[in-house]
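**Student:** From first to last, the protein sequence lines are chains A and B.
Residue 205 in the numbering used here sits at position 205 of the first sequence, and the numbers go up by one each step.
Add 1000 to the 1-based position in the second sequence for the numbering used here, that's all there is to it.
One structure is given below, represented as structure tokens, and several questions about it will come after.
2 protein chains.
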Amino acid sequence: MKKVVIIGAGNVATHLAVALQKNGFAILQVFSRTEASAKKLAELLQTTFTTDLNHIDRQADLYFYCVSDHILGDIIDRFNHTEGLHIHTAGSIPATIFSQKRTHYGVLYPLQTFSKQKELDFRTVPLFIEANNEQNKATIEEIASLISDKVYCINSDERIKLHVSAVFACNFSNHLYHIASELLSESHLPFDLLMPLVEETVQKLKSLSPYEAQTGPAVRNDFNVLNKHLQSLANDPKKHDLYKLLSESIIQTHSDKSNT
Amino acid sequence: MKKVVIIGAGNVATHLAVALQKNGFAILQVFSRTEASAKKLAELLQTTFTTDLNHIDRQADLYFYCVSDHILGDIIDRFNHTEGLHIHTAGSIPATIFSQKRTHYGVLYPLQTFSKQKELDFRTVPLFIEANNEQNKATIEEIASLISDKVYCINSDERIKLHVSAVFACNFSNHLYHIASELLSESHLPFDLLMPLVEETVQKLKSLSPYEAQTGPAVRNDFNVLNKHLQSLANDPKKHDLYKLLSESIIQTHSDKSNT
């Protein structure tokens, strides 16, 4: 049975630790700088925790780093331990962040939007892995395959593109829903009204590509409607500029294709 | 039994006509300038069709205009018939487009993204209605309630805002999926990989507002990741500018709120 230390106690740490434990891994310890978070996750896993990097258990086989990108480097430096396999979970950080400090290392990047309060079937989460050599890659692949049905090997450059694409598809589309909800509230209409439309937009992607599924005034080159909409957003420069740039991008995307 | 003429033979015309027929309305005729489209929809409804505005049946009680916004005015002008109740289905055109040409008129705007090839339960489609007087409004409300469970009365100004919000939530989010699919294909990864993420992003909206559900580097003010992502898009100005503007909008949205 592999012994695991979880470094971090946020959304990714929580979902990953639970999935590992369910599949027979022994979670030795949770580390977080924030005592309340460390304690909460340790209680959920019925294990121990520490808030001191010097007290991290050195007997583990696997160290998973599930912390914010901007503190990862610092934690790797200050937790000075070269044994075991060290795996980070960040989309936009190369595996080589470990290269000067560890012998065995790699990446396991889960492509999903996690919320602590919302349960999620980890088996459906695509995992993207990388390692510093073939043996470590085989080990990480084996671990990943135990907790998810979808495991892919990609390098750090591909992973950053994947992360950017996820930002567009998830973070940015969610922001568009927020803008829509603001516009609706100006007419005293609830966001719920848009849910059938939002869900159908996603359902369509099961039978059509996003290119084929595109609808709306921009793809129809309906400048009459586009101008009316821009006019209605004139007193809200942020929404006006986003409407303009997104419409131009749709028009350009679809004219490019028809010209080729 | 109310007699109906359907003007237009596109996605909205098809789904609306089928829903009306299912609920006991007699579809007398389909008009479309394109013979193939008119014929196809007429065959589906087992009714007659015409491509000549002068041959539209003048015995109908209801005329539904399901045509592109930019030709609606011209069709109203050229189909010179004042009897019956005339209803357009456009999000961004005021009811008053009929005012000089018809006695009884209104709007029935279905908020959904329709594809001819994809069946859809019309009862779940929110319908937004308006009319030139209370009596016509009551008639349109009665018709709408027969074919949908969600009927709302809003005026033309509110409807245009609703349409703009639908463009953000549906058309623009779909374009972001397209951008994501292009980025993935650069790494030879299929768009399918993003589907669990895209679906979970929408599922979250059932328990959280889009504001609460926001995740990603921009809402965390993670400029390290934002700059890496912008750098990775440097050779694609369109995607770069969209990434920048959307991230700035998320940062601004969430800083505004924390300051108030």
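Glycine included, each C-beta is placed from N, C-alpha and C at the ideal position.
Counting Cβ pairs, one atom from each stretch, are 3 or more of them under 8 Å apart for the segment 1217–1231 of chain B and the segment 232–244 of chain A?
**Tutor:** The segment 1217–1231 of chain B is not in contact with the segment 232–244 of chain A.
**Student:** Less than 8 Å between CB atoms is the rule here; does Lys204/A satisfy it with respect to chain B?
**Tutor:** Mapped onto the first sequence, residue 204/A falls at position 204. Yes, contact with chain B.
**Student:** The segment 66–96 of chain A: which residues have C-beta closer than 9 Å to a C-beta of chain B, in chain order?
**Tutor:** Result list: Ser68, Asp69, His70, Ala90, Gly91, Ser92 and Ile93.
**Student:** With Val1004/B and Phe1064/B assumed to form a contact (beta carbons below 8 Å), what rounded beta-carbon distance in angstroms separates them?
**Tutor:** Against the second sequence, residue 1004/B aligns to sequence position 4. Against the second sequence, residue 1064/B aligns to sequence position 64. The Cβ separation is near 7 Å, so the contact holds.
**Student:** Could you name the residues of chain A that Lys1022/B contacts, counting a contact when the two beta carbons are closer than 9 Å?
**Tutor:** Residue mapping note: residue 1022/B aligns to position 22 of the second sequence, counting from 1. Within chain A, no residue comes near Lys1022/B; the closest Cβ sits about 18 Å away, beyond 9 Å.
**Student:** Find the residues of chain B that neighbour Tyr211/A, judging by a C-beta separation of less than 8 Å, and give them in chain order.
**Tutor:** In the first sequence, counting from the first residue as 1, residue 211/A sits at position 211. Near Tyr211/A (Cβ distances below 8 Å), the residues of chain B are His1178 and Ser1181.
**Student:** Which one or two residues does DSSP pair with Glu130/A in a beta bridge?
**Tutor:** For the purposes of this step, residue 130/A is taken as residue 130 along the first sequence, with counting starting at 1. Partner(s): Val107/A.
**Student:** Any beta carbon of chain A sitting closer than 8 Å to that of Thr1215/B?
**Tutor:** Taking the first residue of the second sequence as 1, we reach residue 1215/B at position 215. Answer yes: the Cβ-Cβ gap between Thr1215/B and chain A drops below 8 Å somewhere.
**Student:** In the DSSP assignment, find the beta strand (DSSP E) that holds Thr1050/B and state where it starts and stops.
**Tutor:** Counted from its first residue, the second sequence places residue 1050/B at position 50. Element bounds for Thr1050/B: Thr1048 to Thr1050.
**Student:** By how many angstroms is the C-alpha of Arg1220/B removed from the C-alpha of Pro1237/B?
**Tutor:** For the purposes of this step, residue 1237/B is taken as the residue at position 237 of the second sequence. For the purposes of this step, residue 1220/B is taken as the residue at position 220 of the second sequence. Computed Cα separation, rounded: 24 Å.
**Student:** With 8 Å as the threshold, decide whether the Cβ of Ile1147/B is near any Cβ in chain A.
**Tutor:** Stepping through the second sequence from its first residue, residue 1147/B is reached at position 147. No, Ile1147/B does not count as interfacial toward chain A.
**Student:** Within its chain, find whatever has a CB closer than 8 Å to the CB of Leu1085/B; leave out the 5 residues flanking it on each side and keep chain order.
**Tutor:** Here residue 1085/B is taken as the residue at index 85 of the second sequence, counted from 1. The answer, listed in chain order, is Asp1061, Leu1062, Tyr1063, His1104, Tyr1105, Gly1106, Asn1136, Thr1139 and Ile1140.
**Student:** Can Val202/A and Glu1119/B be called in contact, C-beta distance under 8 Å?
**Tutor:** Translated into positions along the first sequence, residue 202/A becomes position 202. Translated into positions along the second sequence, residue 1119/B becomes position 119. Cβ distance not < 8 Å, so Val202/A and Glu1119/B don't count as in contact.
**Student:** Return the residue from the list Leu1108/B, Leu1044/B, Leu1193/B and Ser1185/B that minimises the CA-CA distance to Cys1153/B.
**Tutor:** Here residue 1153/B refers to the residue found at position 153 when the second sequence is read from its first residue. Taking only the C-alpha atoms, the option nearest Cys1153/B is Leu1108/B.
**Student:** Using a beta-carbon distance cut-off of less than 9 Å, what residues from the segment 157–171 of chain A approach chain B?
**Tutor:** Cβ contacts with chain B come from Asp157, Glu158, Arg159, Ile160, Lys161, Leu162, His163, Val164, Ser165, Ala166, Val167, Phe168, Ala169, Cys170 and Asn171.
**Student:** Note down, in chain order, all residues in the segment 39–70 of chain A with a beta-carbon under 8 Å from any beta-carbon belonging to chain B.
**Tutor:** If the cut-off is 8 Å between Cβ atoms, the segment 39–70 of chain A has Ser68, Asp69 and His70 near chain B.
**Student:** Taking all protein chains shown into account, do 16 or more other C-beta atoms lie within 10 angstroms of the C-beta of Thr89/A, making it buried, or fewer, making it exposed?
**Tutor:** Position 89 of the first sequence, counted from the first residue, corresponds to residue 89/A. Label assigned to Thr89/A: buried.
**Student:** For Leu1127/B, would you say it is in contact with chain A, using Cβ-to-Cβ distances shorter than 8 Å as the test?
**Tutor:** The sequence position of residue 1127/B within the second sequence is 127, counting from 1. Not an interface residue.
**Student:** Tell me, please, whether the CB atom of Met1113/B is closer than 8 Å to any CB atom in chain A?
**Tutor:** Position 113 of the second sequence, counted from the first residue, corresponds to residue 1113/B. Correcting the residue identity first, residue 1113/B is Thr in this sequence and not Met. Closer than 8 Å: yes.
**Student:** Distance, Cα to Cα, Thr260/A vs Ile251/A?
**Tutor:** As a working mapping, residue 260/A is identified with position 260 in the first sequence. As a working mapping, residue 251/A is identified with position 251 in the first sequence. Below a pLDDT of 50, predicted positions are generally treated as unreliable, and Thr260/A, at 37, falls in that range; the measurement from the model is reported next regardless. Spanning the two alpha carbons is a distance of roughly 15 Å.
**Student:** Please work out which residues of its chain come closer than 7 Å, Cβ to Cβ, to Ala213/A, disregarding the five sequence neighbours upstream and downstream, and give them in chain order.
**Tutor:** The residue given as residue 213/A occupies position 213 in the first sequence. Counting only Cβ-Cβ distances below 7 Å, and skipping sequence neighbours, we find Lys204 and Leu205.
**Student:** Give the interface partners of Glu199/A over in chain B, defined as CB-CB distance under 7 Å, in chain order.
**Tutor:** Residue numbering aside, residue 199/A sits at position 199 when the first sequence is read from its first letter. The contacting residues are Val1202.
**Student:** Can you tell me whether DSSP reads Gln1231/B as helix, strand or coil?
**Tutor:** Start at 1 with the first residue of the second sequence, and residue 1231/B comes out as number 231. In the structure shown, Gln1231/B sits in a helix (DSSP, three-state: H, G or I).
**Student:** In the DSSP assignment, find the unbroken alpha helix (DSSP H) run with Gln1021/B in it and report its ends.
**Tutor:** Translated into the one-based positions of the second sequence, residue 1021/B becomes position 21. Taken as a continuous stretch (DSSP letters only), the alpha helix (DSSP H) holding Gln1021/B covers Asn1011 to Lys1022.
**Student:** Could you check the C-alpha separation between Asn132/A and Ile27/A for me, to the nearest Å?
**Tutor:** What you label residue 132/A is simply residue 132 of the first sequence in a count that begins at 1. What you label residue 27/A is simply residue 27 of the first sequence in a count that begins at 1. In a straight line, the C-alpha of Asn132/A is about 24 Å away from that of Ile27/A.
**Student:** For Ser1156/B and Glu1130/B, which I take to be in contact (beta-carbon distance under 8 Å), what is that distance rounded to the nearest angstrom?
**Tutor:** Within the second sequence, the letter at position 156 stands for residue 1156/B. Within the second sequence, the letter at position 130 stands for residue 1130/B. Yes, Ser1156/B and Glu1130/B are in contact; Cβ-Cβ is about 6 Å, under 8 Å.
**Student:** Kindly indicate if chain B contains any beta-carbon less than 8 Å away from that of Val225/A.
**Tutor:** As a first step, residue 225/A must be located in the first sequence, where it is residue number 225. True, the Cβ-Cβ gap to chain B drops below 8 Å.
**Student:** DSSP has Tyr1065/B in a bridge; who is on the other side?
**Tutor:** The residue you call residue 1065/B lines up with position 65 of the second sequence. Ile1007/B and His1088/B.
**Student:** What are the residues of the segment 1127–1143 of chain B that lie near chain E, defined by any Cβ-Cβ distance shorter than 7 Å?
**Tutor:** In the structure shown, chain E cannot be found, because the protein chains are A and B.
**Student:** Taking 8 Å as the cut-off, decide whether the C-beta atoms of Ala1233/B and Ala169/A are in contact.
**Tutor:** The count along the second sequence starts at 1 and reaches residue 1233/B at position 233. The count along the first sequence starts at 1 and reaches residue 169/A at position 169. As written in the sequence, residue 1233/B is Leu, which differs from the Ala given in the question. Taking 8 Å as the Cβ cut-off, Leu1233/B and Ala169/A do not qualify as a contacting pair.
**Student:** Report the CB separation of Thr47/A from Gln59/A in whole angstroms; it is logged as a contact under 8 Å.
**Tutor:** As a working mapping, residue 47/A is identified with position 47 in the first sequence. As a working mapping, residue 59/A is identified with position 59 in the first sequence. Not really, about 13 Å apart at Cβ, beyond 8 Å.
**Student:** Across which residues does DSSP place Cys153/A in a beta bridge pair?
**Tutor:** Translated into the one-based positions of the first sequence, residue 153/A becomes position 153. The partner list for Cys153/A (beta bridge, DSSP) reads Ile129/A.
**Student:** State the beta-bridge partners of Gln1029/B as determined by DSSP.
**Tutor:** Mapped onto the second sequence, residue 1029/B falls at position 29. Looking at the DSSP assignment, Gln1029/B forms a beta bridge with Val1005/B and Thr1048/B.
**Student:** Taking 8 Å as the threshold (C-beta atoms), are Leu1041/B and Gln1021/B in contact?
**Tutor:** Looking up residue 1021/B in the second sequence gives position 21. Looking up residue 1041/B in the second sequence gives position 41. No. Outside cutoff.
**Student:** In this structure, how does DSSP classify Asp241/A when only helix, strand and coil are distinguished?
**Tutor:** As a first step, residue 241/A is located in the first sequence; it is residue number 241 there, counting from the start. In the structure shown, Asp241/A sits in a helix (DSSP, three-state: H, G or I).
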